[in-house]
Amino acid sequence: MLFLSFIIACLNWTAWDLSAASSNHLPAVSNELRAVEPGYYFCLATTPLSENQYIFVATPLKKGNLMIDGRTINVSYTMTDKDRKGFTDYFSGENYNVRLIIRDEIKSEIGISDYRGILEVQHGTENRKYKVQGRRY
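So the sequence shown is numbered by the numbering used here: it starts at 227 and just counts up by one.
If you want it as structure tokens, here you go:
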């Protein structure tokens, strides 16, 4: 029933609404955001996925949006590096480099995958790391 409610809510698209997500001032999309299409949705590891407070979203074509420092940064997929521990997706754009390092993946029978990993963000000489969890619809 919860999944059905989520699907219905997915049909109601709202604008990105930035708000503070953690003590390190990384803003996240508010819980007003709903997944409109299949894709990858990540929030801080300390935030339940059910709250829909995403800090990184990527489409199936891997065009990404990073919500950081009060801005939405558009990044594009550059490559995937797979190893025995998992995989790393690389994105870049607007002078940002993003690495999404996935080490834990749980696949469900209905085609939804849950992930745990690290989101590394580089902008100039500044580097940030965030523990994240996410889901692929």
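Backbone N, C-alpha and C fix where the C-beta goes; we use that ideal spot for every residue, glycine too.
query, result
"Looking only at C-alpha atoms, which of 359, 294, 345 and 266 sits nearest to residue 285?", "266"
"Which one of 311, 298, 310 and 318 has the shortest CA to CA distance from residue 304?", "318"
"Just confirm the distance between the C-beta atoms of residue 275 and residue 358, as a whole number of angstroms; I'd bet it's less than 8 Å.", "Not really, about 10 Å apart at Cβ, beyond 8 Å."
"Quick check on the burial criterion: 16 or more other C-beta atoms within 10 angstroms. Buried or exposed for residue 328?", "buried"
"For residue 287, which three-state DSSP category applies?", "coil"
"With which residues is residue 318 paired in a DSSP beta bridge?", "302 and 323"
"Please report the distance separating the alpha-carbon of residue 300 from that of residue 344.", "19 Å"
"Can you tell me which of the three DSSP states residue 276 falls into?", "helix"
"Judging by CA-CA distance, which residue of 349, 296 and 337 is the nearest neighbour of residue 361?", "337"
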